[in-house]
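So that you can map any letter, position 426 of the sequence shown is 426 in full-length UniProt numbering, and since no number is skipped, the others follow by simple counting.
Beta carbons: idealized from backbone N, C-alpha and C, even for Gly.
A short write-up of the structure that comes next.
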Amino acid sequence: MAGIVLGFAMSSGSEQDARMTAQMDEMQAGLARALEDVSVKVDALAGGIQANETAIAALTGTLEDQSTGTAASLEALGAKAEAESAALQELRGALEQLSGDQASLSDTVTGMTGDMDSMRGDLMAAMQETLTAAAAAVGMGGTSPQAPGSAGTGATRTAAAPPDGTEEPAAADTAGAAEPVDDTAEAEALAAAVGDDGMILSIGESAQLGETRIFLSRVSEAGAHLRIRGQDPVTAGIDGAAADVGGGCAVALAGLVGRKAYLTTACADEAAGTGVAQGELPEPVDMALAVGQTGLFGDMRVFLSRLDGGAAHLRIFTLTGMSEEATVGTRQPHVMANGCGVALKGLDGRVAHLHAACGDDAVSLADIATLVAAPAPVPEIEAAPETPETAATEPEADPEPRLADRLSETGLMLKVGQTATVGDARIFVQRLPDNTAQLMQVGQGPLSLDIFRPAELDNGCSLVLLGVQDGAAYVEPSCPE
C-alpha cells in the first residue's frame, strides 16, 4: 500500500516538474524575444545617435566655415572703409585747395574790375581833354564837355538829379555859370573832405568798417550802390544822407569822381558825444551850386533841391543822421541847432551862391544875405529893413524849448549824435525825422520812438518820447526798482 502511495506521489511530482519546466521554457523564450526586441531598439537608437553625431559634426564644420567667412568679410569691409575714408580726406583737401583757388580768383577778378574802372576813368578823362581841345580849335571853347557822373562846377560838390524830381538843372543856364573843375582837383577836394577815416572805393572794391565789410557794386545818378553780407543792398544817396550799414555804423556819399565813390564813415561808439565843439568848427566856405548839386561844409552836406521866387531850397545832412530842410533868400539865412548857418549871397541864372559859417562867423550871415532878384519883392522888407543888430539876433529869437520844462530830473534831452546811458544800456541818437526819434541801442540794434508810446530796452527799462523840438529829442527813461 505504501508503495502504491509512494508511486502515486512520485508520479504526481513528475507531472508538476514537467509543467514547471514547460512554463520556465516559455518564460525564457518570451524573455529572449523581449531581449531581442530591446536589442533591436537599442541598435536603432545607437544608429540614430551616430547619425545625430554625424549631423552635429557636419553642422559644426559649416558654422566654422561661416564664421571664418564672416570674419573675412568683416576684415574686407574694414579695409574698404579705411580706403574710402582716405579717399574722402583727399577729396576734402582738394575742395579746400579749390576754395582757396576760387578766393584767389575772386580777388584777381576784383582787382581786374578796379583796374578796368580806373582805365575807363582815364579814358573818359583823355576823351574829355581831346574834345575840349577840338572844341577850342573850332572856336567852341565857351563850354566844356563832362564825363558822365562827374561833377559840374565847384570842387566841393557832385552833380546829380534831384531825388524828389522837382526840377532838373538846365544845361543852358549852368554852362556859363562857373568855370568847370577838372576831375583831379575835385578828387583831391573830396579826398580831403572824407579824411583818413573815410573810404575811397572803385567799383568792385570793398573795405572794412567796424565789423561790416562794404562792397561797392556800382554807381549811378542816385549815388553809390553798396552791398553788405547778410543784409539788403544799401544806397548812399547823392544828396549826402547817412546810410545805415549795420553794426552801429553809417556811411555818407561825399561825391563821385571817375567812377569812384568818396564816402565818409561813422560808428556809434565814435559818434558818442560828437557835438560840434568851438575848436572843431569848420571854416567859413562859399559854395556855387546848381540845382541838384551838393556842397560840403565840414561834415555837413548842403543839397540844392530847387530855386523859386528868389529863394534857394536846401536839404542839409550830416553823417550822424541830422537832416534839415531850409529856405534861404532875401536877408533870410538859415541857422541850425549846432550854431552853424547858411546864407544866400546871390543868384546867377540857375546857380545859387551860398555862404556857410559857424560860431562867431555865423553872426554876420544876415548881413551877407543880399536882396536877390525875385519876381515879387517882399513889401515888409522894403518897408522895415532890418538893422545889423536885429538881423544878427534873429536866429536866436526862438524861446527856450517848452518841452524842457516837462522833463523830470532824470529826463534826457538828446541831439543827433549824442549818447546816453539808461540803466546799463547805452543809446545813440541817429536821426530825428517827422517828430520821431530813431535810436541805436549799442550791441542790440535800432530802436524807434514815437511820441508817448513807450519802447522797451533789453534790460527792462523803457523810454517815452515827449517830443522833438529845436533839433533835440526829449525823452523820459524809466527802469524797474
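Mapping the DSSP letters down to three states, classify residue i as helix, strand or coil.
{"i": "M336", "result": "coil"}
{"i": "Q28", "result": "helix"}
{"i": "S408", "result": "coil"}
{"i": "A420", "result": "strand"}
{"i": "T436", "result": "coil"}
{"i": "L457", "result": "coil"}
{"i": "V42", "result": "helix"}
{"i": "D361", "result": "helix"}
{"i": "A86", "result": "helix"}
{"i": "R213", "result": "strand"}
{"i": "E75", "result": "helix"}
{"i": "E325", "result": "strand"}
{"i": "Q293", "result": "coil"}
{"i": "S462", "result": "strand"}
{"i": "M20", "result": "helix"}
{"i": "L307", "result": "strand"}
{"i": "G346", "result": "strand"}
{"i": "G246", "result": "strand"}
{"i": "L98", "result": "helix"}
{"i": "L281", "result": "coil"}
{"i": "G298", "result": "coil"}
{"i": "D164", "result": "For D164, the predicted model reports a pLDDT of 41, less than 50, meaning its position is unreliable; a value from the coordinates is still stated below. If DSSP states are grouped into helix, strand and coil, D164 belongs with coil."}
{"i": "E380", "result": "The predicted model places E380 with a pLDDT of 36, which falls under 50 and marks its position as unreliable, so this point remains unresolved."}
Is the Cβ-Cβ distance between residue i and residue j less than 8 Å?
{"i": "T294", "j": "G198", "result": "no"}
{"i": "G240", "j": "R301", "result": "yes"}
{"i": "C358", "j": "L457", "result": "no"}
{"i": "D286", "j": "H334", "result": "no"}
{"i": "N435", "j": "G467", "result": "yes"}
{"i": "L307", "j": "G292", "result": "no"}
{"i": "L253", "j": "L263", "result": "yes"}
{"i": "A222", "j": "A261", "result": "no"}
{"i": "D361", "j": "P284", "result": "yes"}
{"i": "A352", "j": "L432", "result": "no"}
{"i": "G341", "j": "G329", "result": "no"}
{"i": "S448", "j": "P454", "result": "no"}
{"i": "I200", "j": "A191", "result": "yes"}
{"i": "R259", "j": "V194", "result": "no"}
{"i": "G442", "j": "G246", "result": "Here the sequence assigns Val to residue 442, which means Gly is not the residue at that position. Taking 8 Å as the Cβ cut-off, V442 and G246 do not qualify as a contacting pair."}
{"i": "E325", "j": "M336", "result": "no"}
{"i": "residue 497", "j": "C267", "result": "Past the edges of the chain, shown from 1 to 481, lies residue 497, and the structure says nothing about it."}
{"i": "V422", "j": "C479", "result": "yes"}
In the DSSP assignment, the alpha helix (DSSP H) including residue i goes from what residue to what residue?
{"i": "D183", "result": "D183 to V194"}
Quick one: what's got a C-beta closer than 7 Å to residue i's C-beta in the same chain, skipping five residues either side?
{"i": "L412", "result": "A420, V475 and P477"}
{"i": "L414", "result": "A420, V429, A472, A473 and V475"}
{"i": "L45", "result": "none"}
{"i": "V234", "result": "L226, I228, A243 and V245"}
{"i": "D450", "result": "T436 and L465"}
Counting along the chain, where does the beta strand (DSSP E) carrying residue i start and finish?
{"i": "Q231", "result": "Per DSSP, Q231 belongs to no beta strand (DSSP E) and is neither H nor E."}
{"i": "I200", "result": "M199 to S202"}
{"i": "Q430", "result": "A425 to R431"}
{"i": "C358", "result": "V351 to C358"}
{"i": "A472", "result": "A472 to S478"}
{"i": "P446", "result": "G445 to L449"}
{"i": "L256", "result": "C249 to V257"}
{"i": "I238", "result": "Premise fails: I238 is in no beta strand (DSSP E) and is neither H nor E."}
{"i": "A222", "result": "No beta strand (DSSP E) holds A222; DSSP gives it neither H nor E."}
{"i": "L314", "result": "A311 to T318"}
{"i": "L403", "result": "First-last for L403: undefined, no H or E at that position."}
{"i": "L263", "result": "K260 to C267"}
Taking 8 Å as the CB-CB limit, is residue i close to chain D?
{"i": "D232", "result": "Reference to chain D is not applicable here, since this structure consists of a single protein chain."}
Quick one: residues in its chain with C-beta nearer than 6 Å to the C-beta of residue i, no 5 flanking neighbours on either side, listed in chain order?
{"i": "F215", "result": "S206 and R227"}
{"i": "H313", "result": "S305, R306 and T327"}
Identify, in the order they occur along the chain, each residue of the same chain with its Cβ nearer than 8 Å to the Cβ of residue i, setting aside the five sequence neighbours on each side.
{"i": "R406", "result": "L466 and Y474"}
{"i": "A425", "result": "Q441, V442, Q444, L457, D458, N459 and C461"}
For the ligand ZN, is there a heavy atom less than 7 Å away from the beta-carbon of residue i?
{"i": "G467", "result": "The ligand ZN is not part of this structure, which contains no ligands at all."}
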